[in-house]
Amino acid sequence: MRFSFWTSIGALAVLSAACTSGEKTTATAPSPKPSPAAAAAAAPAATPVPAASAADGAEEGDEILMVWAEAEPDEGAPPLEVQLKADVSGGVGERKVKWEFGDGTPPSTEMNPKHKYEKAGTFRASVEVADASGDSDSDYVDIEIGTE
Numbered sequence: 166m167r168f169s170f171w172t173s174i175g176a177l178a179v180l181s182a183a184c185t186s187g188e189k190t191t192a193t194a195p196s197p198k199p200s201p202a203a204a205a206a207a208a209p210a211a212t213p214v215p216a217a218s219a220a221d222g223a224e225e226g227d228e229i230l231m232v233w234a235e236a237e238p239d240e241g242a243p244p245l246e247v248q249l250k251a252d253v254s255g256g257v258g259e260r261k262v263k264w265e266f267g268d269g270t271p272p273s274t275e276m277n278p279k280h281k282y283e284k285a286g287t288f289r290a291s292v293e294v295a296d297a298s299g300d301s302d303s304d305y306v307d308i309e310i311g312t313e
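For the sequence shown, the residue numbers in this note's numbering are 166 to 313.
Right under this line is the structure:
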């Protein structure tokens with residue numbers, strides 16, 4: 166029997182079909198964790214927030230912790246009260262949240278804090294979320310406080 170290129174392709178197709186039909190394989194490559202943005206911060210001492218579980222409707226693959234920062238409004242004249250929101254998905258176990266407001270005031274461990282900006286300038290509000298497995302993610306939103 167001759168072993169040819171097409172024989173190799175056929176064998177790979179059969180193996181590929183077996184692997185995608187639900188059978189487990191022993192070799193898996195780690196998947197990289199996507200991050201919306203990087204905001205520098207050390208591990209926070211923050212308020213625990215329960216993570217979603219499979220019973221909560223989380224699907225397989227949702228274990229990667231990800232966070233997106235939002236602000237409403239994100240511009241205006243001082244003093245401006247801004248509602249910040251951490252939109253979090255994935256993660257394992259309890260989550261800890263830490264917001265830095267970018268204006269020198271103390272951080273917050275609330276998931277969705279309100280913050281009043283007293284002076285004009287551009288401020289970067291950043292949020293970091295960590296879960297029980299040690300995974301973490303961060304994001305930020307820039308807030309423009311003008312002199313209008």
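The C-beta atom is built at its ideal place from N, Cα and C for all residues, glycine as well.
Computed from a predicted model, the values in this text were never measured in an experiment.
About 6 Å separates the Cβ atoms of residue 285 and residue 311, confirming a contact at the 8 Å cut-off. For residue 298, the secondary structure class from DSSP, reduced to helix, strand or coil, is coil. The Cβ-Cβ distance between residue 247 and residue 236 falls below 9 Å. Residue 286 is bridged by DSSP to 310.
If you compare the alpha carbons of 282, 297, 292, 302 with that of residue 309, the shortest gap goes to 282. When only Cα atoms are considered, residue 268 and residue 229 end up about 30 Å apart.
When the beta-carbon positions are compared, residue 249 and residue 264 come within less than 9 Å of each other. For residue 230, DSSP assigns no beta-bridge partner whatsoever. For residue 237, the three-state secondary structure derived from DSSP is strand. Following the DSSP letters along the chain, one finds residue 254 inside the beta strand (DSSP E) bounded by residues 245–254.
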